[in-house]
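*Asks:*
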Amino acid sequence: AKQQGGNQYQFYTTAFNIGSSDRLALQSSLRHALERHELLLYYQPQVSLKTGEIVGAEALVRWQHPERGLISPDKFIPIAEETGLIVPIGEWVLKTACQQTKIWQNAGFSHLRISVNLSSRQFSQIDLRHQLVAILMETGLDPKYIELELTESMLVHNTEVAIRRLNALKSLGVEIAIDDFGTGYSSLSYLQQFPFDILKIDRCFIHKITDNPNNAAITKAIIEMAKTLNLKLMVEGVETESELSFVCQNQCDGMQGYLFSRPLPSHDFAQLLKNNKRL
Ligand code: C2E
Ligand code: CA
Ligand code: CA
Ligand code: CA
301 AKQQGGNQYQ
311 FYTTAFNIGS
321 SDRLALQSSL
331 RHALERHELL
341 LYYQPQVSLK
351 TGEIVGAEAL
361 VRWQHPERGL
371 ISPDKFIPIA
381 EETGLIVPIG
391 EWVLKTACQQ
401 TKIWQNAGFS
411 HLRISVNLSS
421 RQFSQIDLRH
431 QLVAILMETG
441 LDPKYIELEL
451 TESMLVHNTE
461 VAIRRLNALK
471 SLGVEIAIDD
481 FGTGYSSLSY
491 LQQFPFDILK
501 IDRCFIHKIT
511 DNPNNAAITK
521 AIIEMAKTLN
531 LKLMVEGVET
541 ESELSFVCQN
551 QCDGMQGYLF
561 SRPLPSHDFA
571 QLLKNNKRL
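Basically full-length UniProt numbering = 1-based index in the sequence shown + 300.
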């Protein structure tokens with residue numbers, strides 16, 4: 301009980317620290333962010349390493365706050381999760397990303413893919429599949445161009461239920477990516493259990509490859525493992541030429557990173573598509 305008391309004390313002190321009034325303010329303004337059209341999506345190009353072409357985009361949400369400016373998702377997604385606001389926000393993200401992708405496809409980029417991040421609460425929502433069906437109908441986007449990105453922590457609590465949910469989503473024709481791979485509980489057996497299509501190696505692995513040979517070896521082992529399991533490999537956070545040559549040498553399928561482009565507002569992403577910039 302004493303142990304518990306200690307933890308509680310810690311909880312309350314952090315809850316009432318300087319950041320908390322800030323957090324409360326954000327929480328209440330986040331409630332109105334959607335209806336006030338303050339949320340927007342940025343798109344980061346995903347580039348094929350075989351052709352050097354843009355094959356898709358990852359949709360990344362931002363909050364254009366009237367006083368604070370652009371707020372990063374790391375700051376408000378956790379608040380949205382806690383309050384449940386992630387459910388309408390996540391639905392908006394999915395719908396907006398699909399609508400936008402359909403527009404780009406109609407403009408001639410007919411095979412452009414879109415990756416959308418799902419949060420834990422969204423994934424455990426009973427009607428996520430229905431939501432997705434409605435969005436597919438409304439936007440007319442072919443589900444084979446959609447990738448849903450999930451992280452390991454969302455799947456470990458109840459493996460069986462998670463696998464069932466993943467298969468229910470996949471039966472619609474969408475693909476599933478395991479995001480931030482290597483930062484959590486990952487093991488070969490774990491990867492094998494879930495019906496993933498794509499593995500996204502976390503950027504920390506790529507950044508460390510030049511530090512020491514062990515890190516490069518670990519990253520190579522992950523790449524080999526993904527290939528053994530027939531997963532497509534997307535490397536995140538490629539920032540330098542030497543990181544790029546590493547991922548090319550190791551036959552990864554695709555990359556995203558600042559070296560090619562930062563996440564862009566839709567207008568700038570469209571411009572980049574038209575210029576058909578190559579790696
Ligand atoms: P993530 O899914 O791992 O997204 C990749 C993050 O890495 C993005 O940060 C992106 O801007 C950043 N990044 C891309 N290339 C590079 C690079 O070369 N170097 C470095 N240092 N960073 C790079 P962002 O946009 O701030 O998003 C942060 C996180 O917020 C995302 O991490 C994702 O977990 C979450 N998030 C973003 N949008 C959504 C959303 O619509 N729904 C949910 N549930 N989560 C989202
Ligand atoms: Ca992601
Ligand atoms: Ca990631
Ligand atoms: Ca992340």
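C-beta: ideal position from N, C-alpha, C; glycine also.
Please list, in chain order, all residues of the same chain as A301 whose beta carbon is under 6 Å from its beta carbon, the five residues on each side excluded.
*Replies:* Here the model assigns A301 a pLDDT of 33, short of 50, so the residue's position is not dependable and the matter cannot be decided.
*Asks:* Please report the straight-line C-alpha distance between F316 and L326, rounded to a whole angstrom.
*Replies:* A caution first: F316 carries a pLDDT of 44, below 50, which makes its placement in the model too unreliable to give a value.
*Asks:* For I476, count neighbouring C-beta atoms within 10 Å of its own C-beta (all shown protein chains included) and say buried if the count is 16 or more, exposed if not.
*Replies:* With 16 or more Cβ atoms within 10 Å of its Cβ, I476 is classed as buried.
*Asks:* Count Cβ pairs between the region 459-477 and the region 423-433 that sit closer than 8 Å; are there 3 or more?
*Replies:* They touch, by the three-pair rule.
*Asks:* For A521 and N512, I'd like the C-alpha separation in whole angstroms.
*Replies:* Those two C-alpha atoms are separated by around 15 Å.
*Asks:* In three-state DSSP terms, what is I426?
*Replies:* It is coil, neither helix nor strand.
*Asks:* Helix, strand or coil for H337? Go by DSSP, reduced to three states.
*Replies:* Three-state result, H337: coil.
*Asks:* May I have the straight-line CA-CA distance separating S566 from C398, to the nearest angstrom?
*Replies:* Roughly 12 Å between the two C-alpha positions.
*Asks:* Got a sec: does ligand 3 put a non-hydrogen atom nearer than 7 Å to the Cβ of D442?
*Replies:* No, ligand 3 has no heavy atom inside 7 Å of this Cβ.
*Asks:* Apart from the five residues on each side of it in sequence, which residues of its chain come closer than 7 Å, Cβ to Cβ, to A333?
*Replies:* Cβ within range, chain order: L339, W363.
*Asks:* When we look at the beta-carbon of T351 and count the other beta-carbons within 10 Å, is it buried (16 or more) or exposed?
*Replies:* Counting Cβ neighbours within 10 Å, T351 comes out exposed, since fewer than 16 surround it.
*Asks:* Would L572 and L559 qualify as a contact pair, given that the criterion is a beta-carbon distance under 8 Å?
*Replies:* No, they are not a contact pair.
*Asks:* On the criterion of 16 or more Cβ atoms from any shown chain inside 10 Å, does S410 qualify as buried, or is it exposed?
*Replies:* Looking at its Cβ environment, which holds fewer than 16 other Cβ atoms inside 10 Å, S410 is exposed.
*Asks:* Within a Cβ cutoff of 7 Å, which residues of the same chain sit near Y342, ignoring the five residues on either side of it in sequence?
*Replies:* Correct list, in chain order: L360, R362, P563, L564, P565.
*Asks:* Can you give me the C-alpha to C-alpha distance between M534 and V547, rounded to a whole angstrom?
*Replies:* Using only the alpha carbons, I get a separation of about 10 Å.
*Asks:* Buried or exposed: where does K500 fall if 16 or more other Cβ atoms within 10 Å of its Cβ makes it buried?
*Replies:* The residue in question, K500, is buried, as its Cβ has 16 or more Cβ neighbours within 10 Å.
*Asks:* Output the distance between the C-alpha atoms of S415 and S320, rounded to the nearest integer angstrom.
*Replies:* The alpha-carbon atoms of S415 and S320 are separated by roughly 33 Å.
*Asks:* Is G352 helix, strand or coil by DSSP?
*Replies:* Coil.
*Asks:* Please indicate yes or no: does the CB of G502 lie closer than 7 Å to some heavy atom of ligand 2?
*Replies:* Residue identity check: residue 502 is Asp in the sequence provided, not Gly. No, the beta carbon of D502 sits no closer than 7 Å to any heavy atom of ligand 2.
*Asks:* Assuming R562 is part of the beta strand (DSSP E), what are its boundary residues?
*Replies:* No beta strand (DSSP E) contains R562, which DSSP labels as neither H nor E.
*Asks:* State yes or no: is the C-beta of P378 nearer than 7 Å to some heavy atom of ligand 6?
*Replies:* This structure simply doesn't include ligand 6; it includes ligand 1, ligand 2, ligand 3 and ligand 4 instead.
*Asks:* Thinking just about the alpha-carbon of each residue, which of T401, L385, W392, S329 is nearest to the one in P345?
*Replies:* It is T401.
*Asks:* Helix, strand or coil for N458? Go by DSSP, reduced to three states.
*Replies:* Here N458 sits in coil by DSSP.
*Asks:* Looking only at its chain, what residues have a beta carbon closer than 7 Å to the beta carbon of L349, apart from the 5 residues adjacent to it on each side?
*Replies:* Result list for L349: V547, C548, C552, D553, G554, M555, in chain order.
*Asks:* At a threshold of 7 Å, does E553 count as lining ligand 2 (C-beta to nearest heavy atom)?
*Replies:* The sequence as given places Asp at residue 553; Glu does not occur at that position. No - ligand 2 has no heavy atom lying nearer than 7 Å to the Cβ of D553.
*Asks:* Please go through the region 475-561 and give each complete alpha helix (DSSP H) segment of 4 or more residues, from N-terminal end onward.
*Replies:* Segments of the alpha helix (DSSP H) lying fully in the region 475-561: 488-493, 503-508, 513-528, 541-549.
*Asks:* According to DSSP, P345 sits in a beta bridge with which residue or residues?
*Replies:* P345 pairs with A357.
*Asks:* DSSP on E447, reduced to helix/strand/coil?
*Replies:* Strand at E447.
*Asks:* Among R368, G390, E367, H507, which one has its Cα closest to the Cα of P378?
*Replies:* Nearest C-alpha to P378: G390.
*Asks:* In angstroms with no decimal places, state the Cα-to-Cα distance between G473 and N530.
*Replies:* Approximately 18 Å, taken between the alpha carbons.
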